[in-house]
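Undergrad:
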Amino acid sequence: MTGLLLVHGRSQELPRRLRADKAQVDAHVAAMTRSWLAGLARGAVLAGHPAVPASAVELPFYGDLLADLVDAHEAAGGRRPDLESLAAPGRAPAARTDAGTRTAERVDAATDALVLEAAGTLGFARPEGFGDLLGNGVVRRALQFLADKTSTPQWIIERFLRDVAYYLTVPAIRGPVLAAVRRGVDTLLARGHADVVVLGHSLGSVVAYDLCRSLDVPVRALVTVGSPLGLPAVRRNLPGVSDPPALPGLAPPAGWSGPAWINGYDDRDVVALVHPLAPLFAGGRAGIRDERTVNPSGPHAIEDYLADPDIAGPVAAALK
10 MTGLLLVHGR
20 SQELPRRLRA
30 DKAQVDAHVA
40 AMTRSWLAGL
50 ARGAVLAGHP
60 AVPASAVELP
70 FYGDLLADLV
80 DAHEAAGGRR
90 PDLESLAAPG
100 RAPAARTDAG
110 TRTAERVDAA
120 TDALVLEAAG
130 TLGFARPEGF
140 GDLLGNGVVR
150 RALQFLADKT
160 STPQWIIERF
170 LRDVAYYLTV
180 PAIRGPVLAA
190 VRRGVDTLLA
200 RGHADVVVLG
210 HSLGSVVAYD
220 LCRSLDVPVR
230 ALVTVGSPLG
240 LPAVRRNLPG
250 VSDPPALPGL
260 APPAGWSGPA
270 WINGYDDRDV
280 VALVHPLAPL
290 FAGGRAGIRD
300 ERTVNPSGPH
310 AIEDYLADPD
320 IAGPVAAALK
């Protein structure tokens with residue numbers, strides 16, 4: 010049977026005092042896996058498929074790793090992204106010699122771009138004047154605009170976009186996270202699975218796409234939900250990605266009909282504001298199937314995304 014790799018998003022870390030306790034970490038990962046499988050079971054049954062067995066699933070946990078890497082980066086001199094410090098369009102940044110400062114500036118710029126692009130999707134009017142940009146905190150106003158439009162607290166939006174920026178712009182963070190998720194594939198292979206379906210949520214959808222571009226194992230389907238991959242700043246900052254970005258190499262199972270990349274989004278999900286994905290990727294109109302859903306528990310809720318039969322059905326079908 011094909012293995013199923015679940016790639017979670019940000020903000021999944023344990024409290025720092027518990028991160029070295031293997032029993033606590035294992036219990037946390039087991040609870041996350043059960044939650045995902047519960048949603049999948051509801052959606053799969055509605056689509057006419059049996060529930061996905063736990064034996065076919067692996068959820069590589071990188072939540073503590075990401076939190077520790079960000080902490081270490083900041084402790085070494087890399088500051089947190091400052092949403093007030095937006096450089097005007099076309100203005101070159103001042104020359105710096107400190108590597109940590111240059112890295113922090115890349116994170117700042119990427120975070121600012123993510124905020125402005127997300128707000129622009131909902132109609133935020135970006136001021137044109139250079140002085141207005143630097144003097145009145147345009148990024149902070151864009152963040153407030155996003156919060157008002159989506160009923161999502163500013164701190165949640167800011168932390169999410171900051172972590173996406175860290176993953177995209179700091180190789181010392183992206184590399185270990187990607188390697189941790191790749192080890193999940195190795196675990197599935199060691200259990201006897203010869204191929205995989207990759208399912209990513211939120212930041213995990215970016216990691217999943219990143220992984221699938223270079224994975225040397227057949228990927229039968231890629232499923233992304235609540236994904237920020239529609240934001241131009243995300244696609245621009247993924248290393249080695251062209252414009253428009255290419256589809257990952259997927260190998261759907263025999264008898265598969267239609268695109269092998271399924272992308273689910275809720276119109277109210279602040280993380281997935283730019284949708285659908287199909288027009289944004291080279292060959293996407295033929296290679297990506299976008300599914301609009303309405304999540305009753307919350308626009309970004311993973312259990313609700315997976316309970317949609319149009320999302321869970323293809324997952325279950327690809328695992329046969």
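What the sequence shown shows, in the working numbering, is residues 10 to 329, in sequence order. Glycine included, every Cβ here is placed at the ideal spot set by N, Cα and C.
Does DSSP classify Y274 as helix, strand or coil?
TA: For this step, residue 274 is matched to residue 265 along the sequence shown. Note: Y274 maps to strand in three-state DSSP.
Undergrad: Is E22 helix, strand or coil when you go by DSSP?
TA: Numbered from 1 along the sequence shown, position 13 holds the residue referred to as residue 22. E22: coil per DSSP, three-state reduction.
Undergrad: With DSSP collapsed to three states, give me the class of A327.
TA: In the sequence shown, residue 327 corresponds to position 318, counting from 1. Three-state DSSP puts A327 in a helix.
Undergrad: Secondary structure at V179, three-state DSSP: helix, strand or coil?
TA: The count along the sequence shown starts at 1 and reaches residue 179 at position 170. Note: V179 maps to coil in three-state DSSP.
Undergrad: I believe A316 touches G48 by the beta-carbon criterion, under 8 angstroms. Please report the beta-carbon distance rounded to the nearest angstrom.
TA: Position 307 of the sequence shown, counting from 1, holds the residue named residue 316. Position 39 of the sequence shown, counting from 1, holds the residue named residue 48. So it is a contact: roughly 5 angstroms between Cβ atoms.
Undergrad: Can you give me the C-alpha to C-alpha distance between L247 and L231, rounded to a whole angstrom?
TA: The sequence position of residue 247 within the sequence shown is 238, counting from 1. The sequence position of residue 231 within the sequence shown is 222, counting from 1. About 17 angstroms.
Undergrad: Does the segment 27-44 come close enough to the segment 233-244 that 3 or more CB-CB pairs lie under 8 angstroms?
TA: Too few Cβ pairs lie closer than 8 angstroms, so no.
Undergrad: Looking only at C-alpha atoms, which of T11, Y274, H37, G293 sits nearest to S20?
TA: What you label residue 20 is simply residue 11 of the sequence shown in a count that begins at 1. Nearest C-alpha to S20: H37.
Undergrad: Any idea which residues DSSP pairs P210 with across the strands?
TA: The residue given as residue 210 occupies position 201 in the sequence shown. Looking at the sequence itself, residue 210 is His, so the reference to Pro does not match. Per DSSP, V234.
Undergrad: Sort out for me which residues DSSP pairs D299 with in a bridge.
TA: Here residue 299 is taken as the residue at index 290 of the sequence shown, counted from 1. Note: D299 sits in a beta bridge opposite N272.
Undergrad: In terms of alpha-carbon separation, which member of V215, L131, V280 lies closest to P254?
TA: Position 245 of the sequence shown, counted from the first residue, corresponds to residue 254. Out of V215, L131, V280, V215 has the C-alpha closest to the C-alpha of P254.
Undergrad: Could you tell me the distance, in whole angstroms, from the CA atom of D227 to the CA atom of D204?
TA: Translated into the one-based positions of the sequence shown, residue 227 becomes position 218. Translated into the one-based positions of the sequence shown, residue 204 becomes position 195. Reading off the sequence shown, one finds Pro at residue 227, where the question assumed Asp. Looking at the two C-alpha atoms, the distance is approximately 5 angstroms.
Undergrad: Between the Cα of G267 and the Cα atoms of D278, A326, E312, A174, which residue gives the shortest distance?
TA: Here residue 267 refers to the residue found at position 258 of the sequence shown. Checking every option, the nearest Cα to that of G267 belongs to A326.
Undergrad: Whose C-alpha, out of G307, D319, S306, is nearest the C-alpha of D299?
TA: Translated into positions along the sequence shown, residue 299 becomes position 290. Answer by Cα proximity: D319.
Undergrad: Please classify V194: does DSSP put it in a helix, a strand, or coil?
TA: The residue labelled residue 194 in the question sits at position 185 within the sequence shown. Here V194 sits in helix by DSSP.
Undergrad: Rounded to whole angstroms, what's the CA-CA distance from A310 to A295? Just pull it up for me.
TA: Translated into the one-based positions of the sequence shown, residue 310 becomes position 301. Translated into the one-based positions of the sequence shown, residue 295 becomes position 286. Those two C-alpha atoms are separated by around 27 angstroms.
Undergrad: Does the contact criterion of 3 or more C-beta pairs under 8 angstroms hold for the segment 162-180 versus the segment 50-64?
TA: Flag = no, the segment 162-180 and the segment 50-64 do not touch.
Undergrad: So what does DSSP say about T11, is it helix, strand or coil?
TA: Mapped onto the sequence shown, residue 11 falls at position 2. Coil, per DSSP.
Undergrad: Taking S44 as part of the alpha helix (DSSP H), name the residues at either end of that continuous run.
TA: Here residue 44 refers to the residue found at position 35 when the sequence shown is read from its first residue. That run of the alpha helix (DSSP H) goes 31-55.
Undergrad: Apart from the five residues on each side of it in sequence, which residues of its chain come closer than 8 angstroms, Cβ to Cβ, to S44?
TA: On the sequence shown, position 35 is the one that residue 44 refers to. Here the set comprises I311, E312.
Undergrad: With distances taken Cα to Cα, identify the nearest neighbour of A287 among S223, W270, V190, D225.
TA: By 1-based counting over the sequence shown, the position of residue 287 is 278. Cα-wise, what sits closest to A287 is W270.
Undergrad: In terms of alpha-carbon separation, which member of G293, P285, G292, D278 lies closest to P305?
TA: Stepping through the sequence shown from its first residue, residue 305 is reached at position 296. With distances taken between Cα atoms, P305 lies closest to D278.
Undergrad: Tell me the DSSP secondary structure of V280 in three-state form.
TA: For the purposes of this step, residue 280 is taken as the residue at position 271 of the sequence shown. In this structure, V280 counts as helix in the three-state DSSP scheme.
Undergrad: Tell me whether A203 sits in a helix, a strand or coil according to DSSP, three-state version.
TA: Position 194 of the sequence shown, counted from the first residue, corresponds to residue 203. A203: coil per DSSP, three-state reduction.
Undergrad: Of all the options P24, L220, A281, which has the alpha carbon lying nearest to the alpha carbon of L155?
TA: Along the sequence shown, read from residue 1 onward, the residue named residue 155 stands at position 146. Taking only the C-alpha atoms, the option nearest L155 is A281.
Undergrad: Could you tell me which residues DSSP pairs with A291 in its beta bridges?
TA: Along the sequence shown, read from residue 1 onward, the residue named residue 291 stands at position 282. A255.
Undergrad: According to DSSP, which residues form a beta bridge with V16?
TA: The sequence position of residue 16 within the sequence shown is 7, counting from 1. V16 pairs with G209.
Undergrad: Does DSSP put R222 in a helix, a strand or coil?
TA: In the sequence shown, the residue the question calls residue 222 occupies position 213. Three-state result, R222: coil.
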